[in-house]
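Q: Take a look at the following structure, please.
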Amino acid sequence: MNARTVAVLAGLVLGFALGACRLPNEDHCANQDQAGNDYCAGINSATPFCSPCHAKNHGCLPFEPVSCEAYQGTTGPDAMETSSTGA
0 MNARTVAVLA GLVLGFALGA CRLPNEDHCA NQDQAGNDYC AGINSATPFC SPCHAKNHGC
60 LPFEPVSCEA YQGTTGPDAM ETSSTGA
C-alpha cells in the first residue's frame with residue numbers, strides 16, 4: 000500500500016470512530032424532567048433508585064447506587080441526586 004491509501008483508510012476509520020454516536024435512551028431515569036429516584040419509584044416501588052450508569056430497567060435499581068465512576072455526563076439534577084444521597 001502506498002502512503003495515500005494508508006492515509007485514506009486511517010481517515011475512514013477515524014471518521015467512523017468519531018461519527019459513531021450513542022442515541023440517548025429517552026426512557027432512562029437520568030433523562031427525565033423529574034428527579035431520577037422519583038421517576039423510578041413511580042414506575043416500580045421495588046426499584047426506586049436511579050443510576051446513570053445502569054442501562055437495564057430504565058436505570059432503575061432496587062438499591063441505592065454506591066458509585067458511578069464510568070459516568071462522564073453532565074452534573075444535572077439526576078447526577079447530583081444519585082451521588083449525594085448516600086453521603
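Quick note on numbering that gives the first Met the number 0: the sequence shown kicks off at 0 and runs consecutively. Just so you know, even glycine gets a beta-carbon here, dropped at the ideal spot from N, CA and C.
Using the Cβ count rule (16 or more neighbours within 10 Å means buried), how would you classify Gln33?
A: Answer is exposed; the Cβ neighbour count stays below 16.
Q: Should Phe48 go down as buried or exposed, given a rule of 16 or more other Cβ atoms within 10 Å for buried?
A: Buried, by the Cβ-count rule.
Q: Would you kindly work out how many angstroms separate the C-alpha atoms of Phe62 and Thr46, rounded to a whole number?
A: When rounded, the distance between both Cα atoms is 7 Å.
Q: If you count every other CB in all the chains shown that lies within 10 Å of the CB of Ser66, and 16 or more means buried, which is it?
A: Under this definition Ser66 is an exposed residue.
Q: Just mark Thr4 as buried or exposed, buried being the case when its beta carbon has 16 or more other beta carbons within 10 Å.
A: By the neighbour-count rule (16 or more Cβ atoms within 10 Å), Thr4 is not buried but exposed.
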